[in-house]
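There are 2 protein chains.
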Amino acid sequence: MSLPNHFELLATNGAARTGRLTTPHGVVRTPAFMPVGTAGAMKGMHWREVRDAGADIVLGNTYHLMLRPGAERIAALGGLQAFTGWNGPMLTDSGGFQVMSLSDLRKVSEKAVTFRSHIDGAKVELSPERSIEVQRLLGSDIAMQMDECVRLSPDRSNHSITDIERAMRLSLRWAERSKRAFESAPEGYMLFGIVQGGDIPEMRHISARELVDIGFHGYAIGGLAVGEPQSVMLAMIEETAPALPADRPRYLMGVGTPEDLLEAVARGIDMFDCVMPTRNGRHGMAFTRFGQINLRNARHADDPRPLDEESEWPSARNISRAYLHHLVRSGETLGAMLLSEINVAYYQHLMQGMRDAIASGTFETFQNKTRAGWAKGDIPPR
Amino acid sequence: MSLPNHFELLATNGAARTGRLTTPHGVVRTPAFMPVGTAGAMKGMHWREVRDAGADIVLGNTYHLMLRPGAERIAALGGLQAFTGWNGPMLTDSGGFQVMSLSDLRKVSEKAVTFRSHIDGAKVELSPERSIEVQRLLGSDIAMQMDECVRLSPDRSNHSITDIERAMRLSLRWAERSKRAFESAPEGYMLFGIVQGGDIPEMRHISARELVDIGFHGYAIGGLAVGEPQSVMLAMIEETAPALPADRPRYLMGVGTPEDLLEAVARGIDMFDCVMPTRNGRHGMAFTRFGQINLRNARHADDPRPLDEESEWPSARNISRAYLHHLVRSGETLGAMLLSEINVAYYQHLMQGMRDAIASGTFETFQNKTRAGWAKGDIPPR
Chain A
561 MSLPNHFELL ATNGAARTGR LTTPHGVVRT PAFMPVGTAG AMKGMHWREV
611 RDAGADIVLG NTYHLMLRPG AERIAALGGL QAFTGWNGPM LTDSGGFQVM
661 SLSDLRKVSE KAVTFRSHID GAKVELSPER SIEVQRLLGS DIAMQMDECV
711 RLSPDRSNHS ITDIERAMRL SLRWAERSKR AFESAPEGYM LFGIVQGGDI
761 PEMRHISARE LVDIGFHGYA IGGLAVGEPQ SVMLAMIEET APALPADRPR
811 YLMGVGTPED LLEAVARGID MFDCVMPTRN GRHGMAFTRF GQINLRNARH
861 ADDPRPLDEE SEWPSARNIS RAYLHHLVRS GETLGAMLLS EINVAYYQHL
911 MQGMRDAIAS GTFETFQNKT RAGWAKGDIP PR
Chain B
561 MSLPNHFELL ATNGAARTGR LTTPHGVVRT PAFMPVGTAG AMKGMHWREV
611 RDAGADIVLG NTYHLMLRPG AERIAALGGL QAFTGWNGPM LTDSGGFQVM
661 SLSDLRKVSE KAVTFRSHID GAKVELSPER SIEVQRLLGS DIAMQMDECV
711 RLSPDRSNHS ITDIERAMRL SLRWAERSKR AFESAPEGYM LFGIVQGGDI
761 PEMRHISARE LVDIGFHGYA IGGLAVGEPQ SVMLAMIEET APALPADRPR
811 YLMGVGTPED LLEAVARGID MFDCVMPTRN GRHGMAFTRF GQINLRNARH
861 ADDPRPLDEE SEWPSARNIS RAYLHHLVRS GETLGAMLLS EINVAYYQHL
911 MQGMRDAIAS GTFETFQNKT RAGWAKGDIP PR
């Protein structure tokens with residue numbers, strides 16, 4: 561059954577696309593990067609700063625939120641947008657990926673995943689139906705189907721073709737169940753299916769085709785950025801994106817570096833999420849048009865210059881490298897706070913640059929200029 | 561030698577006073593509470609939030625800053641105001657108190673305190689002259705003389721009259737040396753002397769009299785809030801404040817709870833500093849007109865109400881107790897960030913209330929109303 565389409569494609573430039581996705585809590589400009597507010601909070605940032613940085617939509621983690629404070633509690637408090645005060649569009653993952661990576665004693669069956677909470681050890685069952693129920697209780701604008709993801713490794717030591725096919729087939733059956741469970745959702749809310757299939761083109765084709773047959777509001781590419789080289793990830797996007805309907809949004813899950821975003825948009829991806837801007841910020845790293853800068857480095861200790869005097873983001877333009885270095889070295893929370901907002905703002909600035917370039921048909925020029933800036937590296941020490 | 565006076569007394573109400581202290585980086589309205597930005601940063605707060613919360617002046621810790629990033633480095637970067645981006649009035653302590661409480665292998669002699677840095681174990685000497693030099697390098701608007709503080713204890717087990725007198729006399733000799741070292745400071749910058757003398761009225765009288773004879777821009781009362789009961793602290797203020805010149809600012813160091821501030825202002829104190837609003841915020845405690853509220857408490861888990869719907873501070877008025885509870889329980893940085901700003905804003909709100917009440921001659925009414933609010937306690941659970 562075909563589902564209503566809330567995505568409007570505004571322009572394309574090669575395979576790159578720019579558009580608008582309308583959700584119950586507002587419009588998302590694509591290509592969009594979603595900062596990750598794991599447990600209902602963006603680490604080190606106020607929500608007003610996330611908004612100011614240019615983010616239209618953020619991601620919340622179903623696994624964390626269902627365990628604490630609990631989906632029923634959040635629903636009683638008016639949903640995740642009201643609960644957190646973010647009040648904008650929100651996508652939630654299904655919880656499945658983090659069950660696999662964070663919890664102990666997990667057991668995957670056809671029916672559900674059973675696991676022990678990493679918080680209090682309680683035994684919890686997460687089925688595709690319960691995942692959708694939880695995401696509906698959270699009030700998520702975009703819910704994700706539950707799937708199973710196989711971790712890839714550069715030498716294929718960690719995964720077999722049998723594993724990948726089994727997980728891909730299970731994910732398809734869970735996709736059908738997720739869609740049925742989502743039928744009662746009010747108009748405007750969306751459910752995305754997730755293409756699996758590891759690093760095997762044939763599996764990706766099967767997964768994409770069968771998901772499109774089931775029919776979703778949008779489609780995600782899952783099971784990438786889980787240990788494989790970038791070249792494999794890009795090859796899998798090239799295999800998958802053309803198999804997805806051009807009029808629906810495409811979301812590459814858990815990606816990535818600024819370089820990854822540029823390459824993936826060039827291959828037709830519309831949405832991304834990643835903890836990298838905030839996590840690397842907490843570790844003293846800044847993303848800039850000069851590439852990634854390690855503020856722990858002693859070269860910054862006496863440098864009164866800002867990270868980037870031409871940045872549109874005040875903290876990147878006004879605060880000295882010397883001060884950031886001091887904060888990072890001293891373990892001051894303010895260092896993590898400033899670098900998190902600087903990084904989220906840089907990611908959003910990059911997305912805006914891509915959207916503008918695609919709209920004006922200059923995406924390749926933008927790509928080359930952006931790559932050249934990163935390749936040139938940071939300004940020389942004084 | 562008398563020093564220029566930068567303090568203007570605007571009104572008194574009983575012993576309570578309100579005024580204006582003009583520093584090279586701006587005007588401080590008194591009574592003033594100085595949030596503590598230990599190592600050049602307010603823990604969990606952006607400087608813009610400290611300003612928005614209503615703080616005119618903040619305190620920096622000489623001990624921390626001289627060890628990292630170093631006073632000479634901060635001077636080369638334009639001073640602490642430019643380095644941090646706070647850009648407003650700043651008071652620094654002498655470093656002596658934290659040498660005593662934080663460093664190992666300290667040795668106090670007539671000449672100086674020698675200690676090992678808690679950061680890298682380096683041997684450092686801090687004399688009254690070096691303390692002033694460091695504070696001048698930092699660009700502090702108000703420098704403090706170096707002194708020695710004896711920790712008090714309710715049962716007097718920890719301190720003897722001999723100890724207290726010896727430390728008080730040493731502090732007076734260091735006061736003279738500090739003043740000489742400060743002579744070259746440009747006009748407008750200030751040096752405060754510190755009254756010592758433990759919990760012995762006679763010692764406080766001697767210390768105050770001799771400091772006034774030396775002559776400072778302002779006077780601090782030190783060696784309180786170091787373990788003694790509140791009644792002893794208030795008694796010592798009552799002994800000391802009248803012995804200080806009425807036209808100079810009086811600063812009670814390291815104090816305190818909102819109750820302490822109210823009582824001390826009633827006894828003629830003009831300035832305070834304390835880590836309590838930010839430290840307690842990091843531990844899940846909120847200061848409000850209902851008293852102190854522990855957000856870890858399960859009673860808040862389902863409570864959609866804000867901490868105080870009549871607060872002037874947006875986060876105290878708009879964010880639910882349920883969300884704050886969740887953030888605190890989850891160890892999310894945002895919880896500490898929000899409670900720190902809420903607490904600093906409450907402290908500033910309290911100071912503004914006191915300033916207004918003194919100016920309008922209604923301080924006693926304000927005191928009674930404020931105490932009644934705290935005594936009544938938090939709003940009942942729903």
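So the sequence lines, in the order shown, correspond to chains A and B.
Under the numbering used here, the first residue of the first sequence carries the number 561, and numbering increases by one thereafter.
Under the numbering used here, the first residue of the second sequence carries the number 561, and numbering increases by one thereafter.
Quick reminder that beta carbons are idealized off the backbone N, C-alpha and C, glycines included.
- Within 8 Å of the CB of I902 (chain B), no CB atom of chain A is found; the nearest one sits about 12 Å away.
- From the beta-carbon of I879 (chain B), the residues of chain A found nearer than 8 Å are G645.
- From the beta-carbon of S663 (chain B), no residue of chain A is found nearer than 8 Å; the closest lies around 16 Å away.
- Listed along the chain, the chain A residues whose CB falls inside 9 Å of the CB of R628 (chain B) are H886, R889, S890.
- Listed by position along chain A, the residues whose Cβ is nearer than 8 Å to that of T893 (chain B) are A601, K603, G604, T893, A896, M897.
- For E568 (chain A), the enclosing beta strand (DSSP E) begins and ends at 567-573.
- Distance from the CA atom of F657 (chain A) to the CA atom of G783 (chain A), rounded to whole angstroms, is 9 Å.
- CA-CA distance, G655 (chain A) to F643 (chain A), rounds to 19 Å.
- Between M660 (chain A) and C709 (chain A) the beta-carbon gap is near 7 Å, inside 8 Å, which marks them as a contact.
- A direct Cα-Cα distance of roughly 21 Å separates T922 (chain A) from F850 (chain A).
- In the structure shown, A703 (chain A) falls within a strand segment according to DSSP collapsed to helix, strand and coil.
- The DSSP assignment places 618-620 as complete runs of the beta strand (DSSP E) inside the stretch 603-636 of chain A, in order along the chain (cut-off: 3 residues).
- DSSP places M914 (chain B) in the uninterrupted alpha helix (DSSP H) bounded by 893-919.
- Sequence-distant Cβ neighbours of G937 (chain A) in its own chain, meaning closer than 7 Å and more than five residues away, are F850, G851.
- Residue-level contact check: L637 (chain A) touches chain B, since one or more beta carbons of chain B fall below 8 Å from its beta carbon.
- Assigned with DSSP and collapsed to three states, K929 (chain A) falls in helix.
- Below the 7 Å Cβ cutoff, chain A contributes no neighbours of A846 (chain B), its closest Cβ being approximately 16 Å away.
- Judged by DSSP in its simplified three-state form, G600 (chain B) adopts coil rather than helix or strand.
- Taking CB atoms only, P864 (chain A) has a neighbour in chain B less than 8 Å away.
- DSSP, read as helix, strand or coil, puts K683 (chain A) in strand.
- Under the DSSP assignment, Q658 (chain A) falls outside any beta strand (DSSP E), being part of the alpha helix (DSSP H) whose first and last residues are 656-662.
- When C-beta atoms of the stretch 763-773 of chain A are compared with those of the stretch 684-701 of chain A, fewer than three pairs fall below 8 Å, so the two segments do not count as touching.
- Fully enclosed beta strand (DSSP E) runs of no fewer than 3 residues occupy 778-781, 810-812 of the stretch 765-832 of chain B, in order along the chain.
- It is roughly 59 Å from the alpha-carbon of S920 (chain B) to the alpha-carbon of M914 (chain A).
- Taking H885 (chain A) as the centre and dropping the five residues before and after it, the same chain places the C-beta of L855, H860, A861 closer than 6 Å to its C-beta, in chain order.
- Non-local beta-carbon contacts of G639 (chain B) in its own chain, meaning distances under 6 Å to residues more than five positions away in sequence, involve G699 in chain order.
- Secondary-structure assignment with DSSP links T583 (chain B) through a beta bridge to B:G586.
- Nearest CB-CB separation between Y907 (chain B) and chain A: not below the 8 Å threshold.
- Assignment of beta strand (DSSP E) within the stretch 719-752 of chain A, counting only whole runs of 3 or more residues, yields no such run.
- Chain B has a Cβ within less than 8 Å of the Cβ of R633 (chain A).
- A check of alpha carbon separations from T848 (chain A) across A:M796, A:L812, A:V904, A:A826 identifies A:V904 as the nearest.
- At a cut-off of 8 Å between C-beta atoms, A882 (chain A) counts as an interface residue with respect to chain B.
- For the pair L821 (chain B) and L910 (chain B), the CB atoms are nearer than the 8 Å cut-off.
- At the C-beta level, Q756 (chain B) and A795 (chain B) stay beyond 8 Å of one another.
- Judged by DSSP in its simplified three-state form, Q852 (chain A) adopts strand.
- The three-state reading of DSSP puts R842 (chain B) in helix, counting H, G and I together.
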